[in-house]
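Line by line, the protein sequences are chains A and B.
All residue numbers for the first sequence refer to my numbering, where the first residue is 83 and numbers rise by one.
All residue numbers for the second sequence refer to my numbering, where the first residue is 139 and numbers rise by one.
Ideal Cβ placement from N, Cα and C applies to all residues, glycine included.
None of the values given here were measured: they were computed from a predicted structure.
Here the structure is laid out as structure tokens; the discussion comes afterwards.
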Amino acid sequence: MATTPRKSRPRAAARSSGALPHGLTAQQCRDMYRKMVQIRHFEDHAAEAYAQAKVGGFLHLYIGEEAVAVGAIAAVREDDHILGHYRDHGYALARGCDVRACMAELFGRDTGICHGRGGSMHLADASRHFWGGHAIVGSHIPIGAGMAYAMQYLEQPLVVLDFFGDGATGNGIFHEGLNMAALWNLPVVFICENNLYGMGATLAEESPVSDMMIKAEGYTMPAVQCDGMDVLSVYGAVQQAAEHCRSGKGPFFVEAMTYRFRGHSMADPELYRDKEEVRRWRELDPIPRFGDFLVQHRITSPQELAEVNEEVEAEMLEAVRFADSSPWPEPDSVDRWIYAKPIDPEATEEAPSMAGNPAGAAS
Amino acid sequence: MAELTYREAVRSAMREEMRSDSRVILMGESITGYGGSYAVTKGLVEEFGPKRVMETPIAEAGIVGFAVGAAMGGLRPVAELMTVNFALLALDQIVNSAAKFHYMFGGQWSVPLVVRTVSGFGQLGPTHSQTFEGWFASVPGLKVVMPATPADAKGLLLAAIRDPDPVIFIEHSLLYSTKGEVPEQEGLEVPIGRASVVREGTDVTLVGYSRMLLQALHAAEVLEREDGVSCEVVDLRTLRPLDYPTVVASVGRTHRLVLCGEDWRTGGFGASLLSEIHDRSFDDLDAPIARVAMRDIPLPYSRKLEQQLIPASQQIVDAVRRMS
Numbered sequence: 083m084a085t086t087p088r089k090s091r092p093r094a095a096a097r098s099s100g101a102l103p104h105g106l107t108a109q110q111c112r113d114m115y116r117k118m119v120q121i122r123h124f125e126d127h128a129a130e131a132y133a134q135a136k137v138g139g140f141l142h143l144y145i146g147e148e149a150v151a152v153g154a155i156a157a158v159r160e161d162d163h164i165l166g167h168y169r170d171h172g173y174a175l176a177r178g179c180d181v182r183a184c185m186a187e188l189f190g191r192d193t194g195i196c197h198g199r200g201g202s203m204h205l206a207d208a209s210r211h212f213w214g215g216h217a218i219v220g221s222h223i224p225i226g227a228g229m230a231y232a233m234q235y236l237e238q239p240l241v242v243l244d245f246f247g248d249g250a251t252g253n254g255i256f257h258e259g260l261n262m263a264a265l266w267n268l269p270v271v272f273i274c275e276n277n278l279y280g281m282g283a284t285l286a287e288e289s290p291v292s293d294m295m296i297k298a299e300g301y302t303m304p305a306v307q308c309d310g311m312d313v314l315s316v317y318g319a320v321q322q323a324a325e326h327c328r329s330g331k332g333p334f335f336v337e338a339m340t341y342r343f344r345g346h347s348m349a350d351p352e353l354y355r356d357k358e359e360v361r362r363w364r365e366l367d368p369i370p371r372f373g374d375f376l377v378q379h380r381i382t383s384p385q386e387l388a389e390v391n392e393e394v395e396a397e398m399l400e401a402v403r404f405a406d407s408s409p410w411p412e413p414d415s416v417d418r419w420i421y422a423k424p425i426d427p428e429a430t431e432e433a434p435s436m437a438g439n440p441a442g443a444a445s
Numbered sequence: 139m140a141e142l143t144y145r146e147a148v149r150s151a152m153r154e155e156m157r158s159d160s161r162v163i164l165m166g167e168s169i170t171g172y173g174g175s176y177a178v179t180k181g182l183v184e185e186f187g188p189k190r191v192m193e194t195p196i197a198e199a200g201i202v203g204f205a206v207g208a209a210m211g212g213l214r215p216v217a218e219l220m221t222v223n224f225a226l227l228a229l230d231q232i233v234n235s236a237a238k239f240h241y242m243f244g245g246q247w248s249v250p251l252v253v254r255t256v257s258g259f260g261q262l263g264p265t266h267s268q269t270f271e272g273w274f275a276s277v278p279g280l281k282v283v284m285p286a287t288p289a290d291a292k293g294l295l296l297a298a299i300r301d302p303d304p305v306i307f308i309e310h311s312l313l314y315s316t317k318g319e320v321p322e323q324e325g326l327e328v329p330i331g332r333a334s335v336v337r338e339g340t341d342v343t344l345v346g347y348s349r350m351l352l353q354a355l356h357a358a359e360v361l362e363r364e365d366g367v368s369c370e371v372v373d374l375r376t377l378r379p380l381d382y383p384t385v386v387a388s389v390g391r392t393h394r395l396v397l398c399g400e401d402w403r404t405g406g407f408g409a410s411l412l413s414e415i416h417d418r419s420f421d422d423l424d425a426p427i428a429r430v431a432m433r434d435i436p437l438p439y440s441r442k443l444e445q446q447l448i449p450a451s452q453q454i455v456d457a458v459r460r461m462s
């Protein structure tokens with residue numbers, strides 16, 4: 083059973099010399115810390131708004147898994163492509179999407195990042211190359227492969243990060259997507275967030291193997307496992323994976339061992355896991371862990387970390403105020419965007435008679 | 139005009155568009171060396187190479203998902219699903235991905251994708267003889283095209299490849315060898331969303347599409363010859379968005395209507411068509427709208443059993459005779 087938290091090995095050489103691992107700068111580290119705090123606070127406020135019935139439908143919180151999205155997305159270019167699953171707030175914020183527009187999307191407002199059409203599970207920002215939260219488990223795995231094919235075909239030096247959970251690996255579409263990506267040597271990094279549960283199913287109940295990276299082997303895909311509670315571990319793994327893809331060597335599989343501190347969704351009574359297990363994982367909380375690292379390496383001070391928390395909290399309060407006071411979408415706009423090129427036969431004249439045209443001749 | 143088979147017309151649309159637009163790629167099962175299950179893509183890999191004519195694994199959901207991603211990445215994929223029966227494996231990608239992205243992401247991007255697939259039968263048994271256009275046509279976000287003639291097959295496929303939205307393009311296996319005149323001018327589109335009055339008449343309107351259009355035309359000849367009944371025949375060509383004004387105008391002239399389809403009577407495409415025409419044309423109708431459809435039975439293998447189920451011109455003739 084892989085329900086015991088694993089600690090990544092400290093990078094002794096890098097730390098003793100005072101240098102940061104993976105070529106990271108101090109500013110990049112501070113940015114990653116802030117992003118993780120942003121996600122944490124965003125989710126806390128989303129949960130509060132859900133309890134107040136200001137956010138409806140399904141709400142899946144990323145709390146506990148922040149290091150995965152932040153470490154992975156920091157490790158690639160800003161114009162590399164990202165696709166994720168329905169627990170998607172983390173990807174949006176890690177990519178730098180507008181916090182207010184994300185919150186307004188949860189509130190269903192016209193100012194939402196998808197104008198209230200998608201909701202929590204379907205955030206997206208094409209201008210930042212974030213191509214969506216996808217809420218049918220595994221569906222975006224071949225989509226990411228197809229995007230990677232387009233990059234290869236158009237000779238763009240870009241890679242695709244395709245995030246999914248351990249639960250998706252039981253779905254046929256996961257295997258179809260990996261098979262094609264490997265077959266055609268495509269620049270896509272498959273990032274499996276192994277949080278030990280497919281909704282309420284334990285790993286032992288959903289998979290014959292507890293390490294998902296084993297499933298990449300059958301597709302001859304190189305794979306690494308990283309500590310998903312350690313932003314530096316994720317960063318290093320995805321940096322290596324993206325370099326591999328960008329140099330034309332084909333797809334790469336990264337498994338991030340992580341844990342969600344909250345239930346699957348707000349409706350989850352968490353009957354399938356014990357509180358002691360949750361407590362043990364909470365001790366590995368990626369945010370204070372990375373904060374301690376930054377202080378130890380004199381990249382920041384406890385006081386500066388407290389300031390980051392305050393600034394982010396103020397930003398989130400403002401995002402909630404913005405969302406709550408934003409206008410609803412206009413009722414008349416409900417049929418907007420069904421098509422990029424709407425065709426309205428009602429608006430045209432009756433079709434001209436083609437009688438006598440040999441094209442209509444019966445055989 | 140050049141005389142082409144329906145198969146050649148589909149192929150020539152792909153060839154012309156691939157020559158003029160390097161973003162257009164084809165993908166599908168056994169579409170290269172084999173030439174496609176119905177030989178539609180024969181010769182294309184030789185001209186355009188394997189990066190543009192992609193041999194895929196047998197993975198329908200993966201094929202369409204991959205094509206959706208390729209479209210998002212800037213290409214113009216045409217994905218071939220060997221038959222509409224196998225398209226069921228890709229329904230999630232068609233309905234939840236291709237049809238939804240433009241809407242649910244607030245118009246940020248569209249999915250310029252064509253899924254080419256095939257209806258038909260011929261002793262293929264219950265799993266290979268089905269007709270699901272009604273399912274696809276029920277989904278907002280999709281455009282659904284079912285050409286009956288070589289000219290329309292070519293012109294509509296050109297329009298579909300150029301369209302920024304996902305188009306389900308359903309061919310018919312029993313039409314591939316039919317011939318017809320096709321304009322020689324390259325790149326000539328037939329617009330999506332326009333029906334066509336292919337035969338004018340005064341007594342009854344027969345509405346069909348795909349193979350049933352030919353059956354309706356045949357029925358019209360029989361009825362004129364044997365009964366002196368003048369039939370107007372409308373080819374829908376596009377099922378979504380549907381050109382209701384053309385059907386309604388025809389019913390306004392003839393006051394009688396027969397809907398001709400191959401899909402099952404219960405929940406088939408004709409059911410929703412009938413409902414809408416009933417609402418729009420009730421005052422114009424002199425008789426209840428009649429439907430020719432498949433009985434609610436899986437299509438069996440045995441030739442004798444299969445033949446008695448397949449909708450054909452005789453059922454259309456019978457339906458008109460029952461009206462008068």
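Closer than 9 Å to chain B by CB, residue i
i      : result
D180/A : no
E428/A : yes
G252/A : no
M303/A : no
P224/A : yes
I420/A : yes
Y266/A : It should be pointed out that residue 266/A corresponds to Trp in this sequence rather than to Tyr. Closer than 9 Å to some Cβ of chain B, the Cβ of W266/A qualifies, so yes.
D414/A : no
W363/A : no
9 Å Cβ cutoff, residue i in contact with chain A
i      : result
N234/B : yes
I299/B : no
M472/B : It is not possible to answer for residue 472/B, since the shown part of chain B is limited to 139 through 462.
M242/B : yes
T384/B : yes
S248/B : yes
G211/B : yes
T343/B : no
Range covered by the beta strand (DSSP E) that runs through residue i
i      : result
R254/B : V252 to S257
C369/B : C369 to D373
P215/B : R214 to E218
Residue i - containing alpha helix (DSSP H), residue span
i      : result
F256/A : G254 to L265
C398/B : No alpha helix (DSSP H) holds C398/B; the beta strand (DSSP E) holding it covers L395 to W402.
I330/B : Unbroken run through I330/B: none, as it is neither H nor E.
P370/A : P368 to Q378
I223/A : H222 to Y235
Q120/A : A108 to A133
Check whether residue i and residue j have beta carbons under 9 Å apart
i      : j      : result
E193/B : V183/B : yes
R149/B : G181/B : yes
D244/A : V270/A : yes
V336/B : V385/B : no
G228/A : F204/B : yes
P411/A : G198/A : yes
T193/A : P409/A : yes
Residues of its chain near residue i, where Cβ-Cβ distance is below 6 Å and the 5 sequence neighbours each way are ignored
i      : result
P250/B : A209, R214 and P302
P288/B : L142, Y144, A147, G318 and V320
S368/B : G339, T340 and D341
A95/A  : In this prediction, A95/A scores a pLDDT of 38, lower than 50, which makes its location untrustworthy; the coordinate-derived value is nonetheless stated afterwards. Answer for A95/A: no residue qualifies.
Sequence-distant residues of the same chain with beta carbon closer than 8 Å to residue i, five excluded per side
i      : result
E358/A : none
V291/A : K297
G332/A : A263, A264, N267, L268, P269, M303 and H326
Close Cβ partners of residue i (< 7 Å) along its chain, the five nearest in sequence each way excluded
i      : result
G482/B : Look at the range of chain B in this structure, 139 to 462, and you will see that residue 482/B is not part of it.
I225/A : L165
For the 8 Å Cβ check, are there 3 or more pairs between the region 278-290 of chain A and the region 315-322 of chain A?
-> no
Should the region 376-384 of chain A be regarded as contacting the region 153-167 of chain A, the criterion being three or more beta carbon pairs within less than 8 Å?
-> no
Would you call the region 295-312 of chain A and the region 363-375 of chain A touching, i.e. three or more CB-CB distances under 8 Å?
-> Segments in contact, yes.
Three or more C-beta pairs below 8 Å linking the region 322-338 of chain B and the region 234-244 of chain B | no
Can at least three beta-carbon pairs, one atom from the region 181-192 of chain A and one from the region 401-417 of chain A, be found at a separation below 8 Å?
-> The region 181-192 of chain A, when compared against the region 401-417 of chain A, does touch it at the 8 Å Cβ threshold.
Are three or more beta carbon pairs between the region 348-361 of chain B and the region 387-404 of chain B nearer than 8 Å?
-> yes
Is the region 250-265 of chain B touching the region 435-455 of chain B in the sense that three or more CB pairs, one from each, lie closer than 8 Å?
-> They touch, by the three-pair rule.
Tell me, please, whether the region 241-255 of chain B touches the region 323-335 of chain B by the rule of three or more beta-carbon pairs shorter than 8 Å.
-> The answer is no - the region 323-335 of chain B does not touch the region 241-255 of chain B, with fewer than three Cβ pairs under 8 Å.
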